[in-house]
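What follows is a short report on a single structure.
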Amino acid sequence: MRFETLLRRYPVCSFFALAFGISWGGILIVMAATDFNLLDLRPLDTGLIFVLMLLGPSVAGLALTALLEGRAGFHRLRVRAARWRVGFCWYLVALMTMPLLLLATLWPLSIFLDPAFSPRFQWPLFAIGLVAGSFEEVGWTGFAAPRLLHPIHVSEVGVKRSSFSWRGSPLIAPGFCFLRPILDWVQLFPIVRPTA
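Position 169 of the sequence shown, counted from 1, bears residue number 169 in this note's numbering, the numbering being contiguous throughout.
Now the structure itself:
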């Protein structure tokens, strides 16, 4: 089987393998260069690890979009990124919930425990968080999520169930028979999943 055929047949698995391979492969290289000593990491090393964590999903998503869908895939990605599915207020709630919870937690801690907990807003960290989140989401919600949410055709259910039963049969060996109800339950996920 050719590599491109494998990617086309299993795009989500390919995405996860590539995303984690890029991120963790790069992180392991950086860690090996520092002899896996987490206590003596320099700011350059931690910054490089942070960048590698972002590169995995985004590079994997963009590379697979280019390979599997070409320009049409990039156009769909741009359209999905610009579409607002809910009102502005809900985006504001999503963006402000965590900062407000942190504020509500840190203020009492700074009053009753230690002033070191006093909340301080850091613009550079805010900017890094926005850029990092946007960059990483290109892969997760731009490539993986639409494929994970794609409804399964009824004719595929039997094929997927028989394929799962065949591959999962070693788990149902006499020593593992307690897993049978769990495996049957997990197999129903693609069947009963709600679709929009």
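For each residue, glycine too, the CB sits at the ideal point set by N, CA and C.
Buried or exposed: which applies to V214, given that a residue is buried once 16 or more other Cβ atoms fall within 10 Å of its Cβ?
Past the edges of the chain, shown from 1 to 196, lies residue 214, and the structure says nothing about it.
Taking only three categories from DSSP, how would you classify V30?
For the purposes of this step, residue 30 is taken as residue 30 along the sequence shown, with counting starting at 1. In the structure shown, V30 adopts helical secondary structure according to DSSP, grouped into three states.
At 4 residues or longer, and completely inside the segment 46 to 84: list those alpha helix (DSSP H) runs for me, N to C.
For secondary structure counted as the alpha helix (DSSP H) over 4 or more consecutive residues, the segment 46 to 84 holds these complete runs in sequence order: 70 to 82.
Three-state secondary structure assigned by DSSP to Y91
The sequence position of residue 91 within the sequence shown is 91, counting from 1. Three-state result, Y91: helix.
Is the beta carbon of S58 less than 8 angstroms from the beta carbon of F135?
Position 58 of the sequence shown, counted from the first residue, corresponds to residue 58. Position 135 of the sequence shown, counted from the first residue, corresponds to residue 135. With contacts defined by Cβ atoms closer than 8 angstroms, S58 and F135 form a contacting pair.
What three-state label does DSSP hand V131 in the structure shown?
The sequence position of residue 131 within the sequence shown is 131, counting from 1. The answer is helix: DSSP assigns V131 an H, G or I state.
What is the DSSP secondary structure of F126, counted as helix, strand or coil?
Within the sequence shown, the letter at position 126 stands for residue 126. Here F126 sits in helix by DSSP.
Alpha carbon to alpha carbon, how far is F117 from I128?
Numbered from 1 along the sequence shown, position 117 holds the residue referred to as residue 117. Numbered from 1 along the sequence shown, position 128 holds the residue referred to as residue 128. Between F117 and I128, the C-alpha separation is close to 21 angstroms.
So, D45 versus V30, is the Cβ gap smaller than 8 angstroms?
Walking along the sequence shown from the start, residue 45 turns up at place 45. Walking along the sequence shown from the start, residue 30 turns up at place 30. Going by C-beta atoms, D45 is nearer than 8 angstroms to V30.
Between the Cα of I27 and the Cα atoms of E4, L52, Y10 and P43, which residue gives the shortest distance?
The sequence position of residue 27 within the sequence shown is 27, counting from 1. Nearest to I27 by C-alpha distance, out of E4, L52, Y10 and P43, is L52.
Close beta carbons around L54, own chain, < 6 angstroms, minus the five adjacent residues each side
For this step, residue 54 is matched to residue 54 along the sequence shown. The residues A132, F135 and E136, in chain order, have a CB closer than 6 angstroms to that of L54 in the same chain once the five nearest residues on each side in sequence are set aside.
Tell me the rounded alpha-carbon separation between A19 and F112.
To locate residue 19, count along the sequence shown from 1; it is residue 19. To locate residue 112, count along the sequence shown from 1; it is residue 112. Rounded to the nearest angstrom, the two C-alpha atoms are 43 angstroms apart.
Would you kindly work out how many angstroms separate the C-alpha atoms of A66 and L77, rounded to a whole number?
For the purposes of this step, residue 66 is taken as residue 66 along the sequence shown, with counting starting at 1. For the purposes of this step, residue 77 is taken as residue 77 along the sequence shown, with counting starting at 1. Computed Cα separation, rounded: 11 angstroms.
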